[in-house]
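Colleague: Residue numbers (this note's numbering): 333 to 549. My structure is below; once you've seen it, I'll send some questions.
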């Protein structure tokens, strides 16, 4: 997800050709992720040719980075309202539960556990949002169904665009953040127990709570 965030920043003009990116430590702290995760994302961008790294000097945007940026994901151009996205999530995410219960591995659940832990420790709303999205993405990954993962990737891209972030920022309070984390934990516990019905109910309750906090119904 960090790679996509950095690509979005490059597209938006936050950094221009030849400009220096924040140091690994700054990226790690601002996104609430480990240095190894930052290095992996930067390595991927370097392979794409959009950044270059100089030992002792830092990481810089290449001069021809615009020519090397990948085509934007359809989610960036879809005209989707937050309410429409919420409707889609309520329809789609509870359906994933059966696949996760059947196909999820111990490693998948460990990844989700780490997202919970990082979300609970998040110092900023941006960090919390990152790990909140990561939790749901890891859940989709645990289906081990490439089509499902691609569809959910589109959902996450839409979450990162337009009005959703603004609305979420206005609606999230410390109390609601804590409630979301409790709901994530309950969902994860049911998945680990392979209890599809309880997990499905937990997912439905969580999404309805998000909708209520965002839209008031």
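Even for Gly, the Cβ is constructed at its ideal location relative to N, Cα and C.
1) What residue from 374, 506, 484, 428 has the CA that sits closest to residue 451's CA?
2) Nearest CA to the CA of residue 334: which residue from 504, 352, 360?
3) Where residue 496 and residue 461 are concerned, what is the direct C-alpha to C-alpha distance, given to the nearest angstrom?
4) Start and end of the alpha helix (DSSP H) containing residue 529?
5) To the nearest angstrom, how far is it from the Cα of residue 401 to the Cα of residue 370?
6) Are there 16 or more other CB atoms within 10 angstroms of the CB of residue 411, so buried, or fewer, so exposed?
7) State buried or exposed for residue 474, treating a residue as buried only when at least 16 other CB atoms are found within 10 Å of its CB.
8) Leaving out five residues before and five after residue 536 in sequence, what residues of the same chain have Cβ atoms less than 8 Å from its Cβ?
9) Just verifying my parser: in three-state terms, what is the DSSP assignment at residue 337?
10) Rounding to the nearest angstrom, what Cα-Cα distance links residue 514 and residue 484 in this structure?
11) According to DSSP, is residue 393 helix, strand or coil?
12) In chain order, which alpha helix (DSSP H) runs of at least 4 residues are fully inside the segment 396–451?
Modeller: Straight from the coordinates:
1) Sequence index remark: in the chain shown, residue 451 carries index 119 (1-based). In this structure, 506 is the residue among 374, 506, 484, 428 with its C-alpha nearest to the C-alpha of residue 451.
2) Within the chain shown, residue 334 is the residue found at index 2, counting from 1. The candidate whose alpha carbon is nearest that of residue 334 is 360.
3) By 1-based counting over the chain shown, the position of residue 496 is 164. By 1-based counting over the chain shown, the position of residue 461 is 129. Near 11 Å, if we compare the C-alpha coordinates of residue 461 and residue 496.
4) Your numbering for residue 529 matches position 197 in the chain shown. Its alpha helix (DSSP H) spans residues 528–547.
5) For the purposes of this step, residue 401 is taken as residue 69 along the chain shown, with counting starting at 1. For the purposes of this step, residue 370 is taken as residue 38 along the chain shown, with counting starting at 1. Rounded to the nearest whole angstrom, the CA to CA distance from residue 401 to residue 370 is 19 Å.
6) For the purposes of this step, residue 411 is identified with residue 79 of the chain shown, where counting begins at 1. That one is exposed.
7) In the chain shown, the residue the question calls residue 474 occupies position 142. Around the CB of residue 474, 16 or more other CB atoms lie within 10 Å, so the residue is classed as buried.
8) By 1-based counting over the chain shown, the position of residue 536 is 204. Annotation for residue 536: 422, 426 place their beta carbon closer than 8 Å to its own, counting only its chain and skipping 5 residues before and after.
9) Counted from its first residue, the chain shown places residue 337 at position 5. The answer is helix: DSSP assigns residue 337 an H, G or I state.
10) As a working mapping, residue 514 is identified with position 182 in the chain shown. As a working mapping, residue 484 is identified with position 152 in the chain shown. For residue 514 and residue 484, the distance between alpha carbons rounds to 22 Å.
11) Mapped onto the chain shown, residue 393 falls at position 61. Looking at residue 393 - three-state DSSP - the assignment turns out to be strand.
12) Counting only runs of 4+ residues, the alpha helix (DSSP H) found wholly inside the segment 396–451 occupies 397–400, 414–424, 429–435, in chain order.
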